[in-house]
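Counting in our numbering, the sequence shown runs without a single skipped number right up to 200 at its last residue.
In this text, a Cβ means the ideal position worked out from N, Cα and C, and glycines have one as well.
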Amino acid sequence: MKKNKYLVLFTLFTINILIGQNHPKTNVKIFSPKNNSYSIYYPENYITEEDTEGIVSIFNKSKDGNEKEENNITISNYIVDKNFSTDETIALMKNYFKDYFSIKLEDKDFKSFKSKYDNLLECDIKENDNYWKWWTITLKNKIFIISLNKKTDINDENVTLLRHMIDNLTIN
């Protein structure tokens, strides 16, 4: 009995060490736009910029100047006069992509996730040499559109990072 207990403890200890080695702790900073509508944590080695319309870019620059390794995260937020259902949010985003990017999407292109928000939607788009992953968050009368853009396929590590940022987003 005692042997089994030690074996279980040893196994858990080994798993924790292996996981810790594969996922080093990322130091983060916090950013809030000028309108103070939200706060978001991001890796400290990333750069933040906010344009005159309040659209925020959070990005990394590769050490060797290789654009294919760079992530560009963009966040825009809007206050609207109503709360949106999932179907209304999908319709809104389909129109957004059609109007701004001339991309026609179907309802099936959007995945919906349970979260602390009223709606959390995700969709993937590949346009020429750009790969995009888009998230739309609605909470009460606020809409957040968050995108991740790369010159190569968006990998699981990229998605995990951004999902962590979204999960820890504080909406004011």
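Excluding the 5 residues flanking residue i on each side, which residues of the same chain have their C-beta closer than 6 Å to its C-beta?
i      : result
Ala119 : none
Asp137 : Cys151
Phe112 : Thr166
Ile173 : Ser104, Thr164
Asn147 : Thr114, Thr117, Thr166
Ser60  : Ser67
Thr76  : Phe59, Ile86
Assuming residue i contacts residue j (C-beta within less than 8 Å), just tell me the rounded distance between them.
i      : j      : result
Cys151 : Leu167 : Wrong, their Cβ atoms sit about 19 Å apart, outside the cutoff.
Asn169 : Lys110 : 6 Å
Asn105 : Asn200 : That pair is no contact at about 10 Å.
Ser130 : Thr102 : About 18 Å separates the two Cβ atoms, so there is no contact after all.
Trp160 : Ile153 : 4 Å
Asn186 : Asn99  : 6 Å
Met193 : Ile58  : No, Met193 and Ile58 are not in contact; Cβ-Cβ is about 11 Å, not under 8 Å.
Give me the residue from the options with the minimum Cα distance to residue i.
i      : options                        : result
Lys89  : Pro71, Glu116, Thr54           : Pro71
Arg191 : Lys142, Glu155, Asp157, Ile171 : Lys142
Asn73  : Asp127, Lys62, Glu81, Lys91    : Lys91
Leu189 : Phe125, Gly82, Phe87, Glu78    : Phe87
Phe125 : Ser175, Thr54, Asn183          : Ser175
Determine whether the Cβ of residue i lies closer than 7 Å to any Cβ atom of chain B.
i      : result
Ser140 : The displayed structure is made up of one protein chain only, and chain B is not part of it.
Under 6 Å from any heavy atom of the ligand HEM, does the C-beta of residue i make it?
i      : result
Asn100 : As for the ligand HEM, it is missing from this structure, which has no ligand bound.
Below 7 Å CB to CB, which residues in the same chain sit around residue i once its five sequence neighbours on both sides are set aside?
i      : result
Lys122 : Leu133
Continuous alpha helix (DSSP H) assignments of at least 4 residues falling wholly in the region 85-169: Secondary structure in the region 85-169: the alpha helix (DSSP H) runs of 4 residues or longer, each lying completely within the stretch, are 114-129 in chain order.
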